[in-house]
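Chains as they are written, first to last, in our numbering: chain A, 39 to 448; chain B, 131 to 606.
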């Protein structure tokens, strides 16, 4: 017979798998109490009433630590009620290993009872009940879309800068072959100047680019090329081959290495708090800040978004999102929200929704916002409180730039 | 009990993995690199060289699709048929359209790494167009002609003016997104991604093309997962869609018509030709024989191309047809209508025409023949519609089957001039338009970003922008 402990790895794997797929369900406390009562009765029957029992329990479910502790307390109480004496260490009349696992439909208590050289398995299922997490609260925040600019040439990124010395707001638009600088003058954006981007190799077909303004400086990142400029002087871009191609996500220091010949990040991040070990390649990332730590979500090439906390192993998986995500610190709700696009391809209109990560679950906190075409770029803006979105309008063929933000109330 | 636990774990994991796999197919929106697209087609293309002309319109159409994988042109057309930069980034011309300057794109390489230069482009285009004087200039090339060439941009967007280099070993080289890795004429081709394509490496690693596959075999291969992209005959498109297949339908890109053979006694009587034309119920052909896979055509050019097709009625006029036929004395012998023996659609149409004709007294004998056989009075013809302009479309039809050009006025560019020529062709009843047909493709679920350009832009399948949705495990 296979020792029970050898089942732990597959159970762990399975639990992690289900954790990934179905974190949105839990069971009521009453259900757990009933299940604990039932399981205790079966254990008592197997171990013999009045027996001394060495008992341990492992939680492989997606329950939080407090819920798992409560479940354990409930089971221990029921075992005592059933007439068993729980001892903290052998010797004992019986050894009982209990695992709290789960599958897509239910939680599962699995008990292995070892007594007198025999072992017996007992299982009790606890149906999942809809909870607050499964039925997220009605979205309480409001997603705002503000149109900025449209043009027929592709837009890779854009940056809205506060007024310069002339008192006029500025807009920088990153295109495949140039950066164009506009001033908001006479009620419209007017081209002030532009600067070509020098590059020796052809761009990747799905060309992506990032523009980080910092004071008067403008840092432009493209696959295998980086450029810099000073926005207040004569607008000249200094570009150079940059095989390392490290792109900055935001002004708070997170960065990652971008492939020079493809459309994704190679997986090494800095500033996220994650060890710079081999993370999987990803299309986009969201960094959720808190005083204690940074949680990182990577949008993988396989269409799954992985949530990382402090370790290089993901702790949750989110499906049903598109390839582009970004986090902003709106100060509303849980302070940080993640914008996520929808699945599909570039022949279909896209949409955007904001989520908060609550107990490792993605909970929608705004109504979805529709666009007239696929989202081609999504980056956190330099203020950290909004995001820059580029959409290719399928009706007009034009590229449209929007600023996305969140307000706290309807 | 242990066994039960293990079984439970295995079953749950398998179910979960299946669920996960299903989710994966539907998720990522950005392009995925990697994978091989498996394409099947009925035509047997014997050469990819744009300079080799093929007599069969269906083969030419298939060849055009493959050519665009490998070779670029100076100009491409947008969805409205307007010229856009390709290998040429800009251009200008003099007031009488005889002197054109083209600026060439920089840093473009052929698939063997050789740089594209103005000298090479000038030489290639001069070979393809001996009537033009083409010279290399510092910025690009100059094209000069003794007569105005106002539609030069449309011409340069055609496959005839593809930029093709012949390597010393005889292989063909272009600057397009795929290179020819294997070429078995008429049977099989393999195209692999060209990493240094000026528009960026395509997402697919390769495209495998099987030629000479029957429509039935293609549909079976699609259904059993052995093909990703297959042709669907127009008359089977509806059934395929109803059976759950993923199908895509193009604009109307083909004209199916009866083409009378000049000099055949049965075809020489204009009254007989007109009687046959007026006897045909095109609505029934489109709705029943083609299962709504086509549109009734009284004109050569579709309404959406010419804008005046409504001036050519498509409805039958049985009374007039009967009257015309009764004027013919003696009664003509049965009219032999030939159709391509390998095309079930043509056969069904020919048989339907025979039924319509019989209602007016005309005896039509459908006959499956090879094109070499000369004993048919008329043929069913499938003619490609050139969407670059109404003028080009009509010119191509005139070239293919029209009456001798001497009987037609010179083809102008204005709608009135084009209409006059089309009316002249139709009123001879030497070419009887029947239906306009679309191209229909069946696609596997993995094919993503399927967005062929419009027929006005040449109907390119744009396979360089397609990616495969299934995880290939080799995203790079």
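Glycine is no exception: its CB is placed at the ideal position from the N, C-alpha and C atoms.
Since we're looking at a predicted model, the values are computed, not measured.
| Check | Outcome |
| --- | --- |
| Residues that residue 330(B) contacts on chain A, provided the C-beta gap is smaller than 8 Å | 240, 241, 242, 243, 244, 245 |
| Three-state secondary structure (DSSP) of residue 529(B) | helix |
| Collapsed DSSP secondary structure at residue 290(B) in the structure displayed | helix |
| Cβ pair residue 442(B), residue 492(B) closer than 9 Å | no |
| Segment contact, 8 Å Cβ cut-off, at least three pairs: the region 401-412 of chain A with the region 421-440 of chain A | yes |
| Within 9 Å of chain B by C-beta, residues of the region 246-270 of chain A in sequence order | 246 |
| Within 8 Å of chain B by C-beta, residues of the region 358-384 of chain A in sequence order | 358, 359, 360, 361, 362, 379, 380, 381, 382, 383, 384 |
| Separation of residue 215(A) from residue 500(B), as counted between CA atoms | 54 Å |
| Exposed unless 16 or more other CB atoms sit within 10 angstroms - verdict on residue 485(B) | exposed |
| Any C-beta of chain B under 9 Å from that of residue 431(A) | no |
| Same chain, Cβ closer than 6 Å to residue 429(A), neighbours up to 5 away in sequence not counted | 409, 411, 413, 438 |
| Beta-carbon proximity check, residue 235(B) vs residue 209(B), cutoff 9 Å | no |
| Spatial distance of residue 576(B) from residue 381(A) (CA atoms) | 14 Å |
| C-beta contact flag for residue 210(A) and residue 197(A) at 9 Å | yes |
| Interface flag, residue 594(B) vs chain A, CB-CB below 9 Å | yes |
| Under 8 Å by beta carbon: chain B residues contacting residue 117(A) | What residue 117(A) touches in chain B: nothing, since even the nearest Cβ is about 20 Å away. |
| Distance, residue 558(B) Cα to residue 400(B) Cα | 7 Å |
| Contact list for residue 299(A) against chain B, beta-carbon separation under 8 Å | 325, 331 |
| Beta-carbon proximity of residue 447(B) to residue 408(B), cut-off 9 Å | yes |
| Supposed contact pair residue 420(B) and residue 365(B) - C-beta distance, whole angstroms, cut 8 Å | 5 Å |
| Inter-residue spacing [alpha-carbon to alpha-carbon] between residue 482(B) and residue 415(B) | 7 Å |
| Anticipated Cβ contact below 8 Å, residue 323(A) with residue 294(A), distance rounded | 6 Å |
| Cross-chain neighbours of residue 165(A) in chain B, by beta carbon under 9 Å | Within 9 Å Cβ-Cβ: nothing; residue 165(A) doesn't reach chain B, min ~16 Å. |
| Pick from 598(B), 391(B), 286(B) that is closest to residue 465(B), judged by C-alpha positions | 391(B) |
| Residue 418(A) at chain B interface by Cβ criterion, 9 Å | no |
| Contact with chain D by residue 237(B), beta-carbon distance below 9 Å | Among the protein chains in the structure shown, which are A and B, there is no chain D. |
| Beta carbon proximity, residue 401(A) to chain B, threshold 9 Å | no |
| Expected contact under 8 Å - CB spacing of residue 164(A) and residue 69(A) to nearest Å | 5 Å |
| Chain B contact residues for residue 412(A), given Cβ-Cβ distances below 7 Å | 159 |
| Residue 204(A) at chain B interface by Cβ criterion, 9 Å | no |
| Under the three-state DSSP convention, the category residue 338(B) falls into | strand |
| Residue 189(A) versus residue 446(A): straight-line alpha-carbon distance, rounded | 32 Å |
| Below-9 Å beta-carbon distance, residue 169(A) vs any chain B residue | With a pLDDT of only 40 at residue 169(A), under 50, the local geometry of the prediction cannot be trusted, and the value read off the model is given with reservation. So, not an interface residue. |
| Per-residue burial, residue 301(A) [other beta carbons within 10 Å of its own, 16 or more giving buried] | buried |
| Proximity below 9 Å, CB of residue 338(B) to CB of residue 598(B) | no |
| Endpoints, alpha helix (DSSP H) assigned at residue 70(A) | 67-85 |
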